[in-house]
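**Q** First the structure, which I've put down as structure tokens, then a few questions once you've had a look.
In my numbering, the protein residues as written are 2 to 520.
Following this line, the structure appears as structure tokens:
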């Protein structure tokens, strides 16, 4: 009963925009976080369908329970795998099971579909063949990719080598491959679960969606540098930055939520991170001219966003809700632009990564375009030229990600770099906005963080989704996978450093030492 009561409470708070799903789940201190998050996400996804079933059967009137509690109970009873409770609630719901099932059947007949999944709109549907792979980032502060592969092979997993194309990530059973873009990322079939695995509990592997790994990988701070993670909790990207830096240098990490920061501290301890300096502080209140930040050259900015790229958080909206969401997007975009402008005020800053788990242009290309117009001393850096999905024209130097084109959650990444007066003409042409340009002088663009309503989600929810997403069999493994891997070299360091991309070493206006070695 506690599971359903807590899930209903979280849904109620999300509807009132009190906090994000992940924040509420973390703060709940519920014993089984994975189970709770999955139930909330799936109930949200089927929300409009569940409401129609409940209203057509007059369930609320007959049971005297509230809508959100009815939704989570009805989801598990007629769509999920059955009620996970006993007592009065189960007895109450079982009395109405036949009528609820009949209402669901009528909906499917009316829409001429046979599966519950087919009742969802196309934007919410995730066909069985498109289930996202299980991505596992090897924590190179504690082990090496080679040792992790050997460990999995000894457990009966079949290593198929390095992936060369996207189809190679369509895996089945106990097969796994090395990712085709990120050298410290292993890819398993969607059915694979590592929540009770020894490597996960010991912090040797991190369960993190591939798209969520991109910001730290693309920022690529050198060993010994000073780095700032602006909106850091729950800490997966922070631990990734520390691994890239090999725990050398200083890593400032901020978050406004004290509870999330405490959870993050535990995660970083488990991951073996020692170069961090955590602060329970609003990033917008951080003084860029503070003496402790005089050497900060790299910033990762992953601000609160709508979470529209999260597969489990997409939902259909009524016309009134769409209008409300439009106003909310405008407020979020103004807040995000404020954060990005603030990041660029750090005097020695060289590069900043801006990322969201949103699919909305308002939070992505429009924010970046407005920022570049206001900050002509910075320019976009081309990212991963082989990546299959680009930012909307003319900002094609940015990256987008999606379930269909990259087999990840929806995502956006831009890398801004300080440059000299040379190239200003090119910069001006890049910042022409393809849609409705956000006015740099808009009054809302200077709003304080506390004036913006609590966002629906943050990019960090992707990591929680990796913890809780449903596991189903995927399609057969495609060909084109390299069968042979390189032998571990003598004297090789334990920490694996991601590959340096061509654009990361050639696009900067200043001389850089190449800090990454190719495995």
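Each residue gets a CB set at the ideal place from its N, CA and C atoms; glycine is no exception.
Since residue 352 sits in a beta bridge, which residues does DSSP pair it with?
**A** According to DSSP, which records beta bridges pairwise, residue 352 is partnered with 299 and 418.
**Q** Could you compute how far the alpha carbon of residue 384 sits from the alpha carbon of residue 186?
**A** Their backbone Cα atoms lie some 18 Å apart in a straight line.
**Q** With residue 401 and residue 390 assumed to form a contact (beta carbons below 8 Å), what rounded beta-carbon distance in angstroms separates them?
**A** Indeed, because the Cβ distance is near 5 Å, the residues count as touching under 8 Å.
**Q** By the three-class DSSP mapping on this structure, what secondary structure does residue 391 have?
**A** Residue state, collapsed to three classes: strand.
**Q** Hey, quick one: how far does the beta strand (DSSP E) through residue 176 stretch, first residue to last?
**A** Here the beta strand (DSSP E) through residue 176 covers 176-179.
**Q** For residue 91 and residue 84, what's the separation of their Cα atoms in angstroms?
**A** Cα to Cα, the separation comes out at about 7 Å.
**Q** So, with DSSP's three-state summary, where would you put residue 73?
**A** Correct three-state label for residue 73: helix.
**Q** Do you know whose CA, among 98, 334 and 38, lies nearest residue 361's CA?
**A** For the residues 98, 334 and 38, the minimum Cα distance to residue 361 belongs to 334.
**Q** Run the CB neighbour count on residue 386, radius 10 Å, all protein chains shown included, and call it buried at 16 or more, exposed below.
**A** Answer is exposed; the Cβ neighbour count stays below 16.
**Q** Could you tell me if residue 196 is buried or exposed, where buried requires 16 or more neighbouring beta carbons within 10 angstroms of its beta carbon?
**A** Exposed is the call here.
**Q** Pair every Cβ in the stretch 173-192 with every Cβ in the stretch 267-274, then say whether three or more of these pairs are closer than 8 Å.
**A** With a cut-off of 8 Å, the stretch 267-274 and the stretch 173-192 do not count as touching, because too few Cβ pairs lie within range.
**Q** Identify whether residue 38 lies in helix, strand or coil by the three-state DSSP scheme.
**A** If DSSP states are grouped into helix, strand and coil, residue 38 belongs with the helices.
**Q** Determine, using beta carbons only, whether residue 419 and residue 373 come nearer to each other than 8 Å.
**A** It is not a contact, given that the beta carbons lie outside the stated cut-off.
**Q** Any chance you could list the beta strand (DSSP E) runs of at least 3 consecutive residues sitting entirely within the stretch 214-255, in chain order?
**A** Taking only runs of at least 3 residues, the beta strand (DSSP E) segments lying wholly in the stretch 214-255 are 227-230 and 251-255.
**Q** Is DSSP giving residue 162 helix, strand or coil here?
**A** Residue 162 falls in the strand class under three-state DSSP.
**Q** Can you check which of these residues, 2, 40 and 108, is closest to residue 50 by C-alpha distance?
**A** Per the Cα distances, 108.
**Q** Using 8 Å as the threshold, is the C-beta distance between residue 226 and residue 294 below it?
**A** Not in contact: residue 226 and residue 294 (Cβ atoms no closer than 8 Å).
**Q** Considering residue 188, what are the terminal residues of the beta strand (DSSP E) in which it resides?
**A** Start and end: 186-189.
**Q** If contact is defined by three or more beta carbon pairs under 8 Å, each pair taking one atom from either stretch, is the stretch 404-418 in contact with the stretch 353-367?
**A** Yes, the stretch 353-367 touches the stretch 404-418.
**Q** Which two residues bound the contiguous alpha helix (DSSP H) that contains residue 15?
**A** Segment 3-16, the alpha helix (DSSP H) holding residue 15.
**Q** Can you tell me the Cα-Cα spacing of residue 94 and residue 75, whole angstroms?
**A** Going from the Cα of residue 94 to the Cα of residue 75 covers about 8 Å.
**Q** Give the secondary structure of residue 357 by DSSP, where H, G and I count as helix, E and B as strand, and everything else as coil.
**A** Note: residue 357 maps to strand in three-state DSSP.
**Q** Touch check for the stretch 206-224 and the stretch 113-123: three-plus C-beta pairs under 8 Å?
**A** As far as the Cβ criterion goes, the stretch 206-224 does not touch the stretch 113-123, which means the pair count is below three.
**Q** Can the beta-carbon of residue 340 be found closer than 8 Å to that of residue 302?
**A** Result yes, Cβ atoms of residue 340 and residue 302 sit closer than 8 Å.
**Q** Only counting the same chain, and skipping five residues up and downstream in sequence, which positions put a Cβ closer than 8 Å to that of residue 58?
**A** Counting only Cβ-Cβ distances below 8 Å, and skipping sequence neighbours, we find 97, 100, 101 and 104.
**Q** Name the DSSP bridge partner or partners of residue 413?
**A** Per DSSP, 357 and 401.
**Q** Helix or strand or just coil, what does DSSP make of residue 31?
**A** Of the three classes helix, strand and coil, the one that applies to residue 31 here is coil, per DSSP.
**Q** Tell me, which residues are paired with residue 340 by DSSP?
**A** The partner list for residue 340 (beta bridge, DSSP) is empty, contrary to what the question assumes.
**Q** Rank 212, 156 and 159 by C-alpha distance to the C-alpha of residue 181 and give the top, closest one.
**A** Nearest of 212, 156 and 159 to residue 181, Cα basis: 212.
**Q** What does residue 207 pair with, by DSSP beta-bridge criteria?
**A** Note: residue 207 sits in a beta bridge opposite 138.
**Q** Based on the DSSP output, what are the partners of residue 379 in its beta bridges?
**A** BP columns for residue 379 point to 419.
**Q** Apart from the five residues on each side of it in sequence, which residues of its chain come closer than 7 Å, Cβ to Cβ, to residue 80?
**A** So the list reads 47 and 117, once near-sequence residues are dropped.
**Q** Leaving out the 5 sequence neighbours to the left and right, which residues in its chain are closer than 6 Å to residue 304 when beta-carbon positions are compared?
**A** Around residue 304: 232, 337 and 340.
**Q** Whole angstroms is fine: what's the gap from residue 78's alpha carbon to residue 404's?
**A** Approximately 28 Å, taken between the alpha carbons.
**Q** The beta strand (DSSP E) that contains residue 277, what's its start and end?
**A** Per DSSP, residue 277 belongs to the beta strand (DSSP E) from 277-280.
**Q** Could you give the first and the last residue of the continuous alpha helix (DSSP H) run that contains residue 156?
**A** From DSSP, residue 156 is part of no alpha helix (DSSP H); its letter is neither H nor E.
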